[in-house]
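Using mature numbering (1 follows the signal peptide of the UniProt record, and there is no 0), the letters of the sequence shown map in sequence onto residues -16 to -1, 1 to 714.
All residues carry an ideal CB built from backbone N, CA and C; glycine is no exception.
Owing to the predicted nature of the structure, the values given are computational and were not obtained by experimental measurement.
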Amino acid sequence: MNLLFLTFIGISLVFALKVRQSNTYTSPIVRAPKVNPFKELSNDELTSLNDWLMDPNQSLNLKVIDQADLRDNYIDSIELWQPNKEDAIKYLDQGGPKPNRMAKVHIVNGADKPPIIKTLLVGPLPVSSDTKVENLADKIYHNPKIPWNAKTSHPAENIERSNIISKVFGAISPALNDLLGAPWSFNNYDTGFVPNNGDGSFRHPWVELMLSQNNSAMWFAYTGFFAQFDFSNQDTSEWKLLKLVYGNRKWNSTDSFMNDFESGSIRASPKVNLTDMQWALRSVKGNTRDLEELPAPRAYSPNGPRYRIDTAERYVKQGVGLYDVRFKDERIAYEITLQDAISNYGGSDPLQAYTAYLDRGYGMGTSITTMIRNYDCSHEATYLNVNYYESGNNRVKNDTICMFEHDLQKPLSRHSQSSDSGSTRGVAFEIRSIYTVGNYDYLLSFLLYPEGSIEIEVAASGYLQTTYFDPFGSSYGTRVSSTSSGSIHDHVITFKVDLDIAGKENSIEKRQVVVSEDKFDWMDDDEPPVRQKKIKSSVMNREQDAIIDWDGNTSSLWLIGNQNSTNTYGYPRSYRIIPHSVIHNIVDGYKMERNAKFADHHAFVTVNKDNERSASSFFNAFLPQRPPVDFTKFYEDNEMIRQQDLTLWCSVGFRHIPRAEDVPNTLFIAAKSSLSFSPFNYGNETLSRDLRNSYYAVADDNGHLLAKDNGIDLEESCSMPAFNTPDRLT
């Protein structure tokens, strides 16, 4: 059996196009060639490590999160600490020892003076007498002292926060009833939060009231009533209201607001109509289209799946990632992993103006969603579960990763003429996961093609983040209901792509199409130069030479390859980086001053380092001015990148100007972006020549095309006969 792709996804997967000659179904299960060193911590590992950390003998003074108050220490998160690349490669390629299992642990130390968040490295696992704790923050963070204000909330804090919110809005409940249509209570209102932490010396979030709904219509029930709070201090008696905002006016206290309300000087805006919110839900409406009563078409594998997996070896945390991706037994990529996803908004109200989400901070990996079978994936897909640590407990989600062979419904390649004709079946293997982060659903697919290409595709659906419609803010979005406006925003999703093309030592080459005027010896003296295109090639020397922005007319292409390993014709064996409708962040400023510099350009290239293994961190989302990971430090030393072990940091994404058709949900087909990596002089010919699912016919002496089946029984395709239309329709 020819191996096309072998990769650890946390899953160990072998993608093989093996032709079967009968209708006998073959199980896709296979044993991985190695124990997966990248798979997430098991439930047993998480439980034993949690118990070991809680043991008083470790002197960490920890409490269970549900019993901790704001001045206590507790475990915030536990995740696998990936092995160093050198150790992993020695194990995978050279028969070296399996790398130690290690964990990265975040502990909120509320008992410290001042309180901080610690990042620890714990291992080896499973827990034994050799297990140790050491400080990890100094090794991986540029700002290792993470302030307490950057933490996420926990149960005791949620209670205190609810108390002050209820106290503030309760004091103005008569006004809320008159202006918004309901008196204050948590039964009548939900609260939308946007953090505002700056450098971590304060915590001043904005809150918008939403009329409470028991379904997804809540995303269209924003009222346009805002409050800003100070939650900076561990002493909750010092928590306070900073301001109220309504109708583009502000008040610094509930008393001043109520004085204006009682004097009649506050102009009421139209109320959100809750009598019928069916328009905001996904339920089917309208007349049935012709033939819509029939099931939609679906792909079918006549002899069962053509891939094999080891379900015991899997991985998920920040999101599904690929590790040790091999094509025809040769490593193409060591790692392809999601780093962070930015959603940067604009608006005329406090919530929209200050919204700049970094979804890693909101648990993008743990937001992985159970698939809806037969709708989210192919009906033939294989599903995997994931487990992770959250809020002091081990969690398991079923059917969260699906894998299937994807019929492209078009040939991989073809050509026809009178002497011969041929076509190769177009397929790809797809690994898909979906992440529901609040209102948005991100679909992430990795596609592996049989000629060696790899594609990362991201699409977004779900509900708009709306705001209360205000004509003053019309240039910041699109009105989508009588009282709702969808806000303009970007989605920029950044990936770490560690390619090893023909070995670890790679270079970045730019091939630029330029216009030149050329005179040749075969031309007459009085013949003018010919104006034409030619190729200008250059190899990048340093990291700052390889800060990449794709040009609008595709006049340049970028390659990564080994200058010391060439094909038969002397070209470096390379892969081309191919963008498909990508963007980068165009707004930084206060709300994204330092924490998302990895998205300022389409791509960066840096020397691979174990202490620069991630472009972001969980806490970058909450520390825009002083993030733990400052990505500019990755390339400011401007190291040499010729024939080095390199890492690409590539962003995909799309700008979203909302439209009426985003109600109830944005469509995946209208909000998607992708990036491909494709062989470029990697071989001496197309790398799909060995595919047997192809057609080739050669003309005989009488001009008749004689087809070869390449050993594939085409009758097993179960295809329906073609529908032949008449020559003329009447």
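Can you tell me which of the three DSSP states residue i falls into?
i	result
Ser216	coil
Trp223	coil
Met387	strand
Tyr299	The predicted model places Tyr299 with a pLDDT of 38, which falls under 50 and marks its position as unreliable; any figure quoted below should be read in that light. Note: Tyr299 maps to coil in three-state DSSP.
Pro139	helix
Tyr559	strand
Met86	strand
Phe153	helix
Ala683	strand
Tyr619	helix
Gln262	helix
Phe360	Here the sequence assigns Asp to residue 360, which means Phe is not the residue at that position. Three-state DSSP puts Asp360 in coil, outside helix and strand.
Gly695	coil
Glu29	helix
Asp404	strand
Ala587	strand
Trp506	coil
Ser146	helix
Tyr574	helix
Asp614	coil
Ala655	coil
Ser459	helix
Gln5	Because Gln5 carries a pLDDT of 30, less than 50, the predicted location of this residue cannot be relied on, and the following value inherits that uncertainty. Three-state result, Gln5: coil.
Asn546	strand
Phe22	coil
Taking only the alpha-carbon atoms, compute the straight-line gap between residue i and residue j and give it to the nearest angstrom.
i	j	result
Glu347	Phe602	According to the sequence shown, residue 347 is Gly rather than Glu. So the two alpha carbons sit approximately 8 Å from each other.
Lys656	Gly331	23 Å
Leu278	Ala444	27 Å
Ile148	Ala140	13 Å
Asn402	Gly687	According to the sequence as given, residue 402 is Ser; it is not Asn. Looking at the two C-alpha atoms, the distance is approximately 8 Å.
Asp60	Ile440	31 Å
Gln78	Asp360	40 Å
Pro306	Lys255	The residue asked about is misnamed: residue 306 is Leu in this sequence, not Pro. Answer to the nearest angstrom: the Cα atoms are 49 Å apart.
Leu105	Leu64	10 Å
Thr272	Asp646	21 Å
Leu651	Asp239	45 Å
Arg676	Leu25	40 Å
Phe177	Gln336	11 Å
Gly695	Asp684	21 Å
Pro67	Asn592	14 Å
Tyr9	Ser678	Interpretation of Tyr9 is limited by its pLDDT of 43, a score under 50 that renders its predicted location unreliable; no figure is taken from the coordinates.
Gly231	Met242	15 Å
Thr451	Pro158	23 Å
Pro395	Leu275	28 Å
Tyr75	Pro83	7 Å
Please check the pair residue i and residue j, which I expect to be a contact at CB under 8 Å, by giving their CB distance rounded to whole angstroms.
i	j	result
Thr366	Pro289	7 Å
Glu493	Val464	Not really, about 46 Å apart at Cβ, beyond 8 Å.
Ala583	Ile326	6 Å
Asp614	Asn127	7 Å
Asn551	Met624	So it is not a contact: roughly 25 Å between Cβ atoms.
Leu632	Leu483	7 Å
Leu228	Ala211	5 Å
Ala412	Leu428	Between Leu428 and Ala412 the Cβ distance is about 15 Å, and since that is not below 8 Å, they are no contact.
Lys47	Asn57	7 Å
residue 800	Asn604	The requested residue 800 is not part of the displayed model; the chain covers only -16 to 714.
Out of the options, state which residue places its alpha-carbon closest to the alpha-carbon of residue i.
i	options	result
Phe638	Ile561, Val613, Lys581, Val566	Val566
Ser516	Asp274, Asp502, Ser600, Asp529	Looking at the sequence shown, residue 516 is not Ser but Gln. Checked all of Asp274, Asp502, Ser600, Asp529; the closest Cα to Gln516 is Asp502.
Asn181	Phe215, Gln66, Gln197, Pro512	Phe215
Leu195	Ser169, Ser678, Pro395, Glu364	Ser169
Lys23	Asp162, Tyr447, Leu368	Leu368
Tyr553	Ala205, Asn665, Cys386	Asn665
Ser375	Thr31, Arg409, Tyr555	Thr31
Lys575	Ser405, Arg610, Leu160, Val19	Arg610
Ile570	Asn622, Asp529, Val476	Val476
Thr408	Ser417, Ala587, Ile415, Arg398	Arg398
Pro608	Asn217, Asp693, Gly345, Lys88	Gly345
Asp114	Met86, Lys102, Ile531	Met86
Can you list, in chain order, the stretches of the beta strand (DSSP E) that have 3 or more residues and sit fully within the stretch 166 to 247? Whole beta strand (DSSP E) segments, 3+ residues: 173 to 178, 190 to 195, 206 to 214, 224 to 230, 233 to 235.
Pick out the complete beta strand (DSSP E) segments inside the stretch 417 to 456, 3 residues or longer, and give them in chain order. 424 to 432, 438 to 446, 450 to 452
Residue ranges of each alpha helix (DSSP H) run of no fewer than 4 residues wholly in the stretch 36 to 110, ordered along the chain? 69 to 78
Whole beta strand (DSSP E) runs in the stretch 293 to 350 with 3 or more residues, listed along the chain? 306 to 311, 314 to 329, 340 to 342
Every unbroken alpha helix (DSSP H) inside the stretch 471 to 539 [4 residues or more]: The qualifying runs do not exist here; there are none.
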